[in-house]
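Quick note on numbering: the sequence shown equals residues 588 to 1270 in the numbering used here.
Think of the CB as a built atom: it goes at the ideal place given N, C-alpha and C, for glycine as much as any other residue.
Please read these numbers as outputs of a predicted model, since none were measured by experiment.
First the structure, in the form of C-alpha cells, and then the observations on it.
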Amino acid sequence: MSIRKSIEALAKESSYALVLGIGGGGDVVGALPTSRYLQQLGLRTLLGGLTWERYVNDPEPGPRKMEEIVEIKRLSATVGLANARTRTTKGIRFTESAVAEVLGEETVLVDLNQGVQGVIDGLNETIEQLGIDLFVGVDVGGDVLAEGSEEGVKSLLADSMVLAAMVNLKVPSLLGVLGCCTDGELSFEQFNQQVAKVAGYGGFLGARGLTPDDLKVLDEVIPKTKTESSALAVKAAQGLQGEIKIREGSRKILLTPMSAMTLYFDPRVVFDRINGAAKELVPTRSLEEAQGVLERLGVPSELTFEQNYTWKRYPANDKLLGGKKMISKRVSEMLMSRVSYPIAREYDVRVAGAINLASNESPYGPSPRVLRALKREAAHAGSYPDPRATELRQAIGNYIGAETKCVAIGNGSDELVDLACKAFLNPGERALIPLPTFAMYELACRVNGGVPKFFKLPNFEWRMAELKRALTGTKLAFIGRPNNPTGNGMGLRDLRGLLASGKLIIVDEAYAEFAGYSVAKLATRTGNLLVLRTFSKAFGLAGLRVGYAVGNPKLVEALEGIRAPFNVNRLAQAAAFAALQDKRYMRRVVARVRQGRTYMRRELTKLGFLVLPSDSNFLMVDVSPLGLNASEVCDFLAERKIFVRDLSNFRGAGPDYIRITVGTPQQNERLVKVIKQLNEVVR
C-alpha cells in the first residue's frame, strides 16, 4: 500500500515503523538516518535489511536462506530478527548484526529466496505479529529509480523485488533514497532525470539531510561494516565533493551535497511509472524466477554479476591463469554482467519438418548462379583470397552507384560494426543506441571501450525531437533502417536532421532490399554518414558472412586500414560476386517476401494481435492478447516444429513480443494455422 503523503504526515498517523534497507549489503546503514528521524517524530522503529551480503563479505552468490542462518528469531518464512551474534552457517556475519551490536537492539532480516510473493507474505505476517503500521524502504545510491536500460546499472534485482513487495503490503509505505549516485550505477545526470520524472507524476515527497547526531551514530556503525556507498554519503555531509573513484577504482562518481540527503518518494509512482521490472516481478515465487524475469527483460542483475564473477569462480587457478589480470577489466565486466549477443532459444531447427522463422534468413537460399560459382571456386580453396576483395568491391560499387574507394568489405556486417567502433570511438566516448535494436551495436561498443547511451523508442516509434536530445554528449549513433526487431525505418528528412548534428551516424541497411529505400549514395558524399549492408538477407548468403560499408572515402579508408587482410574468404567473395550478377533472382525473392509479409500481417491482425508495420523480411508481434508471454508462445510453436524469435532477451523489447521471419507461402500458412489453434486453446 502507498499513500502520497510526506514522511512527517505519515508519522502523525503511525506508531511503529519497519525501516528496511532494500538493496542488500550496506543499505541497512543507509536506512539508519530515516529510522532515527522517525523516532524523533515519536515512532517506535524496527531497522533492518536483506539476507544478502555483497561478494566482498560473502563469496556465495545471492541472499542466504533462513535455513542457512543461525542465532535468528524467525517471525515468518522469510523474515527474522537478528542480533549481534547472527551469522550464516559458514560464520559470515551480516551487516545487520553489526548494526544490532552498535545500537544494542535487534534488527530485521528479509530473505528474497521465495520471490516477491514470499516477501509480501512474510512481511505482512510480521506486520500483523508486531503491530507495525508503516513500512519505509531505503535504497542507497538510487538505482531503484532506474528503468533498466541505463549504462552502468547492474544491480536492479533486490531493489525491484522489494519495491514490488512494498506496494502490496497491508500498511502504508514510503520509499527513500540516500546518497544519490554513491554506488556508481546511475550517473548524477541520470539520477536527476529520474527524480524529475517522479516529481512530474507527483511522486516526490520531500528530502532530509544528515544531522550531526546522524553522523555521530554512522561514524560508530560504518567502521564495523563493509559499506562504501553509505560511507560516501557521510563524507559528502562532511564536505567532500567532486569526482572520485570507487569500487577499487573501477567506477567514477560525482559526489555533491545531494549525496548527503535522503529523498523520499511515493513507491506506487516509482512502481507504476519508472521501474518497469518491478511490475513483472510481482508474481514470482523464487529468486531464480525473478532473475529469469530480469534476464528476459534485458535488465542487469547483481545475482548474475555474482554468479559470473570470473576470477572469483576459479580462485585455485588465479596464479596459473593470471586471475583478474589475465582477462581485461573491460571484458571481465562484460562477462560478469552477461553482456553478450542474445542467442535465440536453443531449438534443433534441423529436425525433419521443422520451419525456422527465427533468424531472418532467406527461405529461398542463394541463386543457382551462386551455387555454380561456389562449386567452381571450391577447387581453389587452398589459396588465400584477394586481400582487398577488389572485384567484389567494384561489383558492389556498380550495384549501389558508388566508386570502389567508397566501399569497405567485411566478414558480415557484424565485423563492420566492430571495426566502426574501433575506428571512430575512443575509450570512454558514448554511442547512442536506440532500443530495442540489434545487440551487436552494444557489444561492439563495450568491447572497444565505448559507453552505450541507450534511448528507448517510445511505442517503438522514431521521435526525432527526443532522439536529437539524446544525441547530446555522444560521438556517434547506430540507426537500423529498417530497424531490427521493430521493422520500421526512419524517414529521410529525419535522418538528415540527425546528420545536421555533426555526429557520425551509422545506418544499418541489412534489410534495405526489402524496404526499397537506401542512403548508400548519400553516404558517399556526406562526411558523417556510414552505411552498413549485407548479403545475408535478400541474397541468401547468411552462412558465408559477407557485408560491406559505404561512406566517404576517408571513413572507408579508416575501416579498410584496420581490418584483417583475408577477412572474407574466397568462396564468400565468389558467391557475393555471382549474387550481384543475378539481381533478377534477388528481386523475385524480395517480391515473394513482401507478399508473404502482407499476408501474415493481415492474418495475425485478424486474430487480434498487434503487428507492427514492417519494411523488412520479418514482423514484430505482441502476443499479450493471448494472455501468454513470448517465451510461452515460442515453446508452443517449437513443440510443433515452428521456430520464431523470442524477443524477451532483446534489451528494451519486453516480455510480450516475438519476431517472425517471413517464410515461403507454405511456411507462412502453416504458422498462421498453428497460431489459430493456439488462439482457440487459450481464449
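Taking 4 residues as the minimum length, the alpha helix (DSSP H) runs contained wholly in the segment 930 to 973 are 955 to 964, in order along the chain.
Runs of the alpha helix (DSSP H) lying entirely within the segment 1145 to 1221, each at least 4 residues long, are 1157 to 1167 and 1170 to 1193 in chain order. Judged by DSSP in its simplified three-state form, residue 608 adopts strand.
Counting C-beta pairs closer than 8 Å gives three or more between the segment 808 to 815 and the segment 668 to 688, which meets the contact rule. Contiguous alpha helix (DSSP H) elements confined to the segment 982 to 1057 occur at 999 to 1011, 1027 to 1034 and 1051 to 1057, taking only those with 4 or more residues. Distance check between residue 760 and each of 646, 737, 804 and 598 places 598 closest, using alpha-carbon atoms only. With distances taken between CA atoms, residue 1027 lies nearest to 1008 out of 1008, 1045, 1013 and 1012.
For residue 1211 and residue 1220, the gap between their C-alpha atoms comes out near 10 Å. Rounded to whole angstroms, the gap between the alpha carbons of residue 1140 and residue 1012 is 18 Å. Here residue 1158 is not near residue 948, since their CB atoms are 7 Å or more apart.
Under a 10 Å Cβ-count criterion, residue 593 is classified as exposed, with fewer than 16 other Cβ atoms of the shown protein chains found around its own Cβ. Going by C-alpha positions, residue 750 is about 13 Å away from residue 871. Under the rule that a run must span 4 or more residues, the alpha helix (DSSP H) segments found entirely inside the segment 1088 to 1116 read 1099 to 1102 and 1107 to 1111. Take the alpha-carbon of residue 746 and the one of residue 731: they are about 5 Å apart.
Out of 1192, 1021, 1245 and 943, the CA that lies nearest to the CA of residue 1216 is found in 1245. Straight-line measurement puts the Cα of residue 1230 at about 19 Å from the Cα of residue 1240. With a cutoff of 7 Å on beta-carbon distance, residue 1003 and residue 890 are scored as not near each other. Annotation for residue 624: the continuous alpha helix (DSSP H) segment containing it runs 614 to 627.
Contact between the segment 648 to 668 and the segment 631 to 640 is present: 3 or more CB-CB pairs across the two stretches fall below 8 Å. Around the C-beta of residue 654, fewer than 16 other C-beta atoms lie within 10 Å, and the residue is accordingly described as exposed. The beta-carbon separation of residue 753 and residue 854, rounded to 5 Å, stays under the 8 Å limit for a contact.
For residue 721, no alpha helix (DSSP H) run applies; the uninterrupted beta strand (DSSP E) run containing it begins and ends at 721 to 727, by DSSP.
Counting the other CB atoms within 10 Å of its CB gives residue 1015 a total below 16, which places it among the exposed residues. Shown here, residue 1077 sits in coil according to DSSP, grouped into three states, outside any helix or strand. Beta-bridge partners of residue 1118 (DSSP): 1094 and 1137. Residue 1261 and residue 1196 have their C-alpha atoms some 14 Å from each other. The continuous stretches of beta strand (DSSP E) do not include residue 866, which lies in the alpha helix (DSSP H) extending over residues 863 to 868. Fewer than three pairs of CB atoms, one per stretch, sit closer than 8 Å, so the segment 957 to 977 makes no contact with the segment 1068 to 1085. Annotated as proximal: residue 1108 and residue 988, with beta-carbon spacing under 7 Å.
Under a 10 Å Cβ-count criterion, residue 985 is classified as exposed, with fewer than 16 other Cβ atoms of the shown protein chains found around its own Cβ. By a beta-carbon distance limit of 8 Å, residue 652 contacts residue 700. Their separation comes to about 5 Å. In summary, residue 1098 is buried, with 16 or more beta-carbon neighbours lying within 10 Å of its beta-carbon over all protein chains present. For residue 817, the uninterrupted alpha helix (DSSP H) segment begins and ends at 816 to 824.
Contact between residue 617 and residue 765 holds: their C-beta atoms lie close to 4 Å from each other, under 8 Å. Counting the other CB atoms within 10 Å of its CB gives residue 1153 a total below 16, which places it among the exposed residues. When the Cα atoms are used, residue 801 and residue 648 turn out to be separated by approximately 32 Å.
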